[in-house]
Structure formats: structure tokens, C-alpha cells
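Here is the structure we will look at, set down as C-alpha cells.
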Amino acid sequence: MSRVVRITALAVIVVLVVIAAATTDRFLTWENVRAILSASTGIGIVAIGAGYITIVGSIGSLATSQSVSLLAMVFVASQLWGLPAAVLVAVLAGAALGAVQGYAVGAWSANPIVLTVAVSFALVGLSTWLTGGRIVAPSGTGFDALNATPLGIPVAVYVLVALGILNELVMRFTTIGRQVPLVGENPRAARVAGLPVTAVTVFAWTMFGVMSGIGAAFLGAFNRQANISLAGNLTFDVIAAVLVGGIAIAGGRGSAIGAMLGAVAISAITNLLLLRGFDTGAQLLVKGLLVVLIVVVLQLRNRERTR
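Residue numbering for the sequence shown follows my numbering, starting at 23 and increasing by one per position.
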């Protein structure tokens, strides 16, 4: 992927700020900037994890919303054991869910799209069966810690930045982290070269599950309750953030920082449209067109490279 594509997220953010500042008085107020950052945390934390599976060549997950919603239900239900235990349970559940899918993709060559569509249905069925379709909302004060605002900034923003930096270091400086793009670039060549393709794929999906668990904890804490529809359009927002963040949809290129910046860009787009009075349908339309534009640009650049 060219340098132009890798800085897509930064370019989108800059253009958005310029346009929004010129057309919307409230866009650059501290309250609104804080709202954008807060909204980007739910998308960003999960997008960092989704970056792993996209870079490793699995395209993405179409069960993100259902996975995060179910993990939020697990987190909220586990509040009876205290906040640390609830977060740990959500993260471990997410890691297990991701690892199983990663093994299916890496060892059995399961199609990620078909697999995650099936998983999305399975998770909806599982949650409905276990809860009877009811909202999970136990009492407790553990949510307050995750909803705190040190120095006026939500604690989730600090966690997002820390996770972005930490995962960037993992991708760049650990052996298995550096193997993720190598597997994504050409899985067959990676196997021939002796790389543990299945293990790397499982690692990538496990990291997606871990990040989903963390994101679910914040989502559940913010809402103080959860059901299988809690995450809403998160699947699409995460895919958009990953692409806007410059991660190659075909795998082999990308970064955690890019995914994080992509989430900020998507949140800024949503915020700008809200300030301009556009409804949810218009927001989805604009984000959809943005994703289409990025995919078209990538395809055109790939054609130029192959000529």
C-alpha cells in the first residue's frame, strides 16, 4: 500500500476539521471535541482488534455488533463479582470467541465472511435463549470507575490511546506481531517459508476478541445495561474505521494507530452530520459512500501497480 493510502485517516480528519470549522460554529468547542473523542472510543478499541484480523488476511468480521453486545451482557452480568472480575471475564470470553473463529479460519480455511455471518446468528440465538430476550441490568456501582472523567476527559479515551500505542508496539516489535502482515500478504508463501500461519491467525483473532471484550466493558458500563442489540451499527463503523485508517482490505498492510485514527475520523463524520441535522439514515449513507470511495481508490492504485 502506498504512503498516500497509509495517511488516509489523517487526511480525512484534517479535511473534516477544516470543513466543519468553516460551516459549523459548535464543532471546535471543547464540549464537542470531547464528545467526538468519547464516541470514538467504542469504535476505536474494537477497530484496533479488527485491524489484526484484516491485516492477517481475514477481511473482517460481520459479527462485531453481536459479539460486542453479547460480551457487554457478560460484563454487566458479572458486575456482581466486582469490576476487575467483570472486565476480566468479558476479555477472556472475547479471547475465547476470537480464538475459536481464528482456528476455523487458520486451520480449516473457513471463509471469514460466511463464518462470521453464521456466528452473528448463533450469538443472537444464544443470547435470546439465555436471557429470554430480556435486558441484563444488575445493580452495582462498579460502572462509575469506567465512566470517570479525569481532567475532564473520559477514562475510555486514555484507554484507547494506550491500547493504540501498545498494539502498535506489538505489531512492530514482537515476533508474532511482525508475522501478522506477512501471513496476510501471502498465506501460501508464508506456509512455504515455515511461518506458523494457523497460530498467527489464531493470535490475530484472539486479539480482536480481547479488544472486543474491553470495548464491551466500556459500552456496558456507559449504558449500565445490555442486550444483544446494544452495539447497534458497530460492525459497519468498525469496518469503516479500519478502511479509513489505511488498513488494506486484502491484508498485509496496516497499523493499530491507523485504526485508532480511523475511528476518530468516523466519529467526527457522525458528529458533523448530527450538528448539521442529518438523521441516522443520512449518516449511514455518507459513511457507506466513504467506504466505497476508499475501496475504489485502492483498486485503482492496485491496477496502476500491476501495469
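Ideal placement from N, C-alpha and C gives every residue a C-beta, glycine not left out. None of the values given here were measured: they were computed from a predicted structure.
Starting from the C-beta of residue i, find all residues in its chain whose C-beta is less than 7 Å away, skip the five residues before and the five after it, and write them out in chain order.
i, result
"Ala-167", "Leu-105"
"Ala-304", "Leu-295"
"Val-146", "Gln-88 and Ile-250"
"Ile-81", "Pro-134, Ile-135 and Ile-271"
Tell me which residue opens and which closes the alpha helix (DSSP H) that residue i is part of.
i, result
"Leu-294", "278 to 297"
"Pro-160", "That residue, Pro-160, is in no alpha helix (DSSP H); it is neither H nor E in DSSP."
"Ala-215", "Segment: none, Ala-215 is in no alpha helix (DSSP H) and carries neither H nor E."
"Trp-103", "That residue, Trp-103, is in no alpha helix (DSSP H); it is neither H nor E in DSSP."
"Asp-166", "165 to 168"
"Phe-49", "Neither: Phe-49 is in no alpha helix (DSSP H) and is coded neither H nor E."
"Asn-208", "That residue, Asn-208, is in no alpha helix (DSSP H); it is neither H nor E in DSSP."
"Ala-184", "177 to 195"
"Gly-143", "Note on identity: in this sequence residue 143 is Phe, with Gly being the wrong assignment. 134 to 153 is the span of the alpha helix (DSSP H), which, as asked, contains Phe-143."
Quick one: what's got a C-beta closer than 8 Å to residue i's C-beta in the same chain, skipping five residues either side?
i, result
"Ala-61", "Ser-289, Thr-292 and Asn-293"
"Gln-201", "Ala-212, Leu-217, Pro-218 and Val-222"
"Ile-41", "Leu-294"
"Ser-100", "Ala-107, Ala-108, Val-111 and Ala-112"
"Ala-126", "Ala-132 and Leu-137"
Measuring straight from C-alpha to C-alpha, what distance separates residue i and residue j?
i, j, result
"Ala-43", "Phe-97", "39 Å"
"Val-317", "Phe-49", "28 Å"
"Val-39", "Gly-206", "33 Å"
"Ala-270", "Ser-161", "43 Å"
"Leu-307", "Gly-267", "19 Å"
"Asp-301", "Thr-46", "17 Å"
"Ile-198", "Gly-299", "46 Å"
"Gly-73", "Ala-281", "6 Å"
"Leu-59", "Val-286", "7 Å"
"Ala-140", "Trp-52", "43 Å"
"Val-36", "Asn-54", "16 Å"
"Gly-310", "Phe-258", "9 Å"
"Leu-148", "Leu-312", "34 Å"
"Leu-297", "Ile-175", "21 Å"
"Val-78", "Ala-226", "7 Å"
Beta-carbon within less than 6 Å of residue i's beta-carbon, same chain only, minus the 5 sequence neighbours each way: which residues are those?
i, result
"Ala-212", "Leu-204, Val-205 and Val-219"
"Leu-346", "This structure cannot settle anything about residue 346, because the visible part of the chain is limited to 23 through 329."
"Thr-138", "Ser-83, Leu-84 and Ala-85"
"Arg-246", "Phe-165"
"Leu-248", "Residue identity differs from the one stated: residue 248 is Ala in this sequence, not Leu. Hits under 6 Å: Ala-94, Met-95, Val-98, Val-158 and Gly-242."
"Gly-274", "Pro-203, Gly-206 and Glu-207"
"Ile-279", "Gly-186 and Glu-190"
Could you check whether the Cβ of residue i sits closer than 7 Å to any Cβ belonging to chain C?
i, result
"Val-40", "Protein chain content of the structure displayed is limited to a single chain, and chain C is not contained in it."
Answer yes if the region 74 to 94 comes into contact with the region 178 to 185, meaning at least three C-beta pairs across the two stretches below 8 Å, and no otherwise.
-> no
Cβ contact check for the region 114 to 125 and the region 260 to 268: 3 or more pairs under 8 Å = no
Which ranges would you report for the beta strand (DSSP E) in the region 224 to 272 if only whole runs of at least 3 residues count?
-> For the region 224 to 272, not one full-length beta strand (DSSP E) segment reaches 3 residues or more.
Of all the alpha helix (DSSP H) runs that stay within the bounds of the region 42 to 99, which reach a length of 4 or more residues?
-> 52 to 75 and 86 to 99
Assess, as a yes-or-no matter, whether the region 58 to 78 is touched by the region 223 to 238 under the definition of 3 or more beta carbon pairs within less than 8 Å.
-> yes
Looking at C-beta atoms only, is the number of pairs between the region 135 to 154 and the region 172 to 180 that lie closer than 8 Å three or more?
-> Counting C-beta pairs closer than 8 Å gives fewer than three between the region 135 to 154 and the region 172 to 180, which falls short of the contact rule.
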